[in-house]
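Colleague: Let me give you the structure first, and then I'll get to my questions.
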Amino acid sequence: MSARKKERAEEEDERSLEEEDFEEGAPATASRRHPGPPEQQSVAEIPEAVDDFLRNFLRRAGLSRTLSRFEAEWYGSAQELLPGAATFVPDALTHGQLLQSELETVRRDTDLLRQDVLVAGEALVRMQRERDFHRLQYRRVAGDKNRLMEDFKELKKHLESYEPALRQLEDKYQAALRYKMLISLKKDRVQSTTDAKKAQITKEKSNKKSNGAEKSPARSPMSSRHPKDTDFPACSRLGNPHLAQAGFQKCRSPGSFSLSYSFRAHELPVSCIDLHPRKRILASASDDRSWRLWVLQADGEKARVTLIGCLAAAFTLMGQNWQQPVRLWDFSGGRCVLTLRGHSQPTWGCSFHSCGHFLASCSADRTAKLWDLNSQRCRLTLRRHAASVNSVCFLPSSNLLLTCSADKSLAVWDARLGVCSSAFHQHPCNHASSNPAGDVLASCDSRGIVNLWDMRKTAAAMATVDAGPSAANQVAFSPSGKMLAVAGSDGLVRVVEVGSCAASSLSGHRDGVQSVTFDHTGETVMSAGSDGLINIWA
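Here our numbering runs 2 ahead of the position in the sequence shown, where the first position is 1.
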């Protein structure tokens, strides 16, 4: 019995030592495994790590009976104390589910990115095909361009080889035209002299008849091939009434003009003004589809303007209109008396012959037409210009016609024969006019360059006046022919002395000046512009 008691006492001592070691080792082990506070409080509430430590410790120590009793008591007490432990989800599983959800999200994003990559790949392939196609087209066009450049260089060389012959032929042609015009002028002079002598002989015979002398019957005038057409008169410088007036008119200095009177003629831009040949009546035409008549009166030193007539119509002064027909108006009755149809595009200008039986018109259809007012039909169509014909005018007391065009050319026509000689500008020509004597021509272009030409030799300008850089819209000679007025798009009216080419500027318009003219004495300049104003400079 004593031996058994001794064995039991030894077992109890070992158990007490093992319990002391357990009590001392468990906290130390727990402190080593968990040196700091847990990251999540839910993990620290259930001692899974202590449970595993005790099992491992007892197995290493070989205490199988103690381990079996510990497991029996531990699981029994755990089932009684923690009835809901079977449904508890460990923290590692929660983290696993979170990672699984993140993985699914990443997979969905990967699928979307894969689809986008496929679409982008298809677009890239399509763009590469288009790039290859355009590259082939570019190479083809570049090859065509190189071939065309080579052909152009060859044609240019070929043209340069023909230029001397063409220049020589052009000089011969111009010389022949000038000679032909001189011959026609000489014939006109001889014809006028012959007519004057015939008239004198007829007068002498009539005097003799009144004194009782016998007289032979007069011959009837030669009939025309077209009874309704009018024959061109025999024109000469002796029949020009402006030559006698020019000798008595004084030449004022260009800088002596100043603004005397200004009035609003129209609400919209004034496109053209013209003065009555004998009376102080000014006609104005505007973009407001009307033309008006103004009487210019002078009371002492001040000028006065009175409106004497207004007619609303779709046509401007002297047949210049935005439609194809050319219309003539009776100013006294305020009605259209004649419509001439023949132009296919807008008409830009008209001019009457000195005899009053012929009218010339120019149009954007690149032609100028000569109308017979008695037969009311087109007698001649002048075709030479390659662009719009911007102005036309008859030279005073002659059958010569002056035209200018946007193709940079200036042409002088014989209205009876339809032949012309031409000169050239560097820029599109806007307007051309002649002095009262008809021996000096003036033209202006879109860069403000005004050229003066000698009628006898139009190969080169005899003088040039730079009124630019804005366009010069119209030029007009004074009755003496010694001054020239230029209407500029910069709102200035320039008065140029023809002899010295000295110019002065007159400012008074708020917009571009479209038309300008002198009065009968040359003492007054009248201008009209896009601001609707008419200014009188005296």
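Backbone N, C-alpha and C fix where the C-beta goes; we use that ideal spot for every residue, glycine too.
Here the structure is a predicted model, which means the values were calculated and not measured.
Quick check on R449: does DSSP put it in helix, strand or coil?
Modeller: DSSP, reduced to helix, strand and coil, places R449 outside both helices and strands of the structure shown, so it counts as coil.
Colleague: Kindly identify the DSSP beta-bridge partner or partners of T369.
Modeller: R385
Colleague: With the cut-off set at 7 Å, would you say F426 and S436 are in Cβ contact?
Modeller: no
Colleague: Does Q130 come out as helix, strand or coil in the three-state DSSP assignment?
Modeller: helix
Colleague: Under 8 Å Cβ to Cβ from P223, same chain only, skipping five residues before and after it: list those, please.
Modeller: Reliability fails at P223, whose pLDDT of 33 lies under 50, so the model's placement of it is uncertain and no value is given.
Colleague: Are S517 and A489 touching if we call contact CB-CB under 7 Å?
Modeller: yes
Colleague: Applying the 10 Å Cβ sphere with the 16-neighbour rule, what's the burial state of S103?
Modeller: Answer is exposed; the Cβ neighbour count stays below 16.
Colleague: Assuming Q378 is part of the beta strand (DSSP E), what are its boundary residues?
Modeller: It is not in any beta strand (DSSP E) - Q378 carries neither H nor E in the DSSP assignment.
Colleague: Can you tell me the Cα-Cα spacing of W350 and S480, whole angstroms?
Modeller: 23 Å
Colleague: Taking Cβ to Cβ, would you say N392 is nearer than 7 Å to C406?
Modeller: yes
Colleague: Pull up the distance between the alpha-carbon of I536 and that of R266, whole angstroms please.
Modeller: 6 Å
Colleague: By the three-class DSSP mapping on this structure, what secondary structure does V477 have?
Modeller: strand
Colleague: Starting from V500 and walking both ways along the beta strand (DSSP E), at which residues does that stretch end?
Modeller: From DSSP, V500 is part of no beta strand (DSSP E); its letter is neither H nor E.
Colleague: Exposed or buried, L171, counting other C-beta atoms within 10 Å across all chains shown (16 or more means buried)?
Modeller: exposed
Colleague: Assuming the contact rule is C-beta atoms closer than 8 Å, G542 and L382 should be a hit. Round their C-beta distance to whole Å, please.
Modeller: Because the chain spans 3 through 540 in this model, residue 542 falls outside it and cannot be assessed.
Colleague: For D332, does the count of other Cβ atoms within 10 angstroms reach 16, so buried, or fall short, so exposed?
Modeller: exposed
Colleague: Which two residues bound the contiguous beta strand (DSSP E) that contains R280?
Modeller: R280 -> no beta strand (DSSP E), and no H or E assigned at all.
Colleague: Excluding the 5 residues flanking S353 on each side, which residues of the same chain have their C-beta closer than 6 Å to its C-beta?
Modeller: A362, V394, C395, F396
Colleague: Drop a sphere of 10 angstroms on the beta-carbon of K281, count the other beta-carbons inside from all chains shown, and report buried for 16 or more, exposed for fewer.
Modeller: When all chains shown are included, K281 counts as exposed.
Colleague: Looking at the unbroken beta strand (DSSP E) that takes in F396, where does it start and where does it end?
Modeller: Boundaries of the beta strand (DSSP E) around F396: 391–396.
Colleague: Is it buried or exposed for S258, if we count other Cβ within 10 angstroms and need 16 for buried?
Modeller: exposed
Colleague: Relative to the alpha-carbon of D290, which residue among P279, W296, L270 has its alpha-carbon at the smallest distance?
Modeller: The option with the nearest alpha carbon to D290 is L270.
Colleague: Starting from S433, trace the beta strand (DSSP E) both ways and give me its first and last residue.
Modeller: Note that residue 433 corresponds to His in the displayed sequence, not to Ser. Run containing H433: 431–436, per the beta strand (DSSP E) assignment.
Colleague: Taking the straight line between their C-alpha atoms, what separation do you get for V414 and I203?
Modeller: 36 Å
Colleague: For P438 and P398, which I take to be in contact (beta-carbon distance under 8 Å), what is that distance rounded to the nearest angstrom?
Modeller: 6 Å
Colleague: Can you have a look at G534 and say buried or exposed, based on whether 16 or more other CB atoms are within 10 angstroms of its CB?
Modeller: Taking all protein chains in view, the Cβ of G534 is crowded by 16 or more other Cβ atoms within 10 Å, so the residue is classified as buried.
Colleague: Please work out which residues of its chain come closer than 6 Å, Cβ to Cβ, to T232, disregarding the five sequence neighbours upstream and downstream, and give them in chain order.
Modeller: Apart from the 5 residues on each side of it in sequence, T232 sits with its Cβ closer than 6 Å to the Cβ of H359, D374, N376 in its chain, given in chain order.
Colleague: Looking only at its chain, what residues have a beta carbon closer than 8 Å to the beta carbon of A463, apart from the 5 residues adjacent to it on each side?
Modeller: A425, N453, L454, W455
Colleague: For V500, which option in D513, N475, G483, D113 has the closest C-alpha, if you only look at C-alpha atoms?
Modeller: G483
Colleague: Mapping DSSP to helix, strand and coil, what is A540?
Modeller: coil
Colleague: Exposed or buried, what is T519 when buried is set at 16 or more other beta-carbons lying within 10 Å of its beta-carbon?
Modeller: The C-beta of T519 has 16 or more other C-beta atoms within 10 Å across all chains shown, which makes the residue buried.
Colleague: Let me confirm a value: S365 is counted as buried when at least 16 other C-beta atoms fall within 10 Å, else exposed. Which label applies?
Modeller: By the 16-neighbour rule on beta-carbons within 10 angstroms, S365 is buried.
Colleague: Check the C-beta distance from L261 over to W539 and give it rounded, since I have them as a contact under 8 Å.
Modeller: 6 Å
Colleague: Please return the same chain residues whose Cβ sits closer than 6 Å to the Cβ of L277, not counting the five positions on each side in sequence.
Modeller: L284, T519
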